[in-house]
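Undergrad: Residues -19 to -1, 1 to 132 (mature numbering (1 follows the signal peptide of the UniProt record, and there is no 0)) make up the sequence shown, in order.
Note that the Cβ used here is the ideal one computed from N, Cα and C, for glycine as well.
From a predicted model like this one, the values you see are computed outputs, not experimental measurements.
Before we start, here is the structure in question, set down as structure tokens.
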Amino acid sequence: MHKLLIALAAAVLAFTALAKDAPLVADDPALEKHVMAIATELRCLVCQNQTIADSHADLAVDLRQQIRELLKKGSTDQQVLSYMTDRYGDFVLYRPPVKATTWFLWFGPGVLLVAGVAGLILILRRRARMGDDRFEPDEPEAAEEQQEVRA
């Protein structure tokens, strides 16, 4: 019984040692709301397709804390976003700006969609110009194939 209690106490201590601290939250609810508003505009660099407001990654927690500190110093939203893009590039923005380096990101899906629809239209027009008999199997070849299958 004594050994069981010691083992249980050791297990509890081990689990508490592995526990993480709760993420820091601003004392002022208005400041925290402002932090989260900016955090929804920034992409988590660790998680895919997640904002730093939604992410629980350590880096996202650190970035939210950095936003808090910048806002407490009096930085504007644009200054905070500029600070983050200077450090991490345009990738950190959830909606990157339209400029020469991001044109493919913005217009690539539309171009590919138009190209796909144009290709489909060309294929369907060619098929319409061909006669329906073009898609029917030739009788002698079909008979030979049936004999081969039966054999």
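Hey, is the region 64 to 79 in contact with the region 4 to 23, meaning 3+ C-beta pairs nearer than 8 Å?
TA: These segments touch.
Undergrad: Using DSSP's beta-bridge definition, name the partner residues of L74.
TA: Bridge partners of L74: L23.
Undergrad: How would you write the range of the alpha helix (DSSP H) that M65 sits in, first residue to last?
TA: M65 -> alpha helix (DSSP H) spans 58 to 69.
Undergrad: If I follow the unbroken alpha helix (DSSP H) through D39, where does it start and stop?
TA: Here the alpha helix (DSSP H) through D39 covers 39 to 53.
Undergrad: Roughly how many angstroms separate the alpha carbons of L17 and D67, rounded to a whole number?
TA: Residue identity check: residue 17 is Met in the sequence provided, not Leu. If I take the Cα positions, the gap works out to 20 Å.
Undergrad: Please name the residue or residues paired with T32 in a DSSP beta bridge.
TA: Bridge partners of T32: R24.
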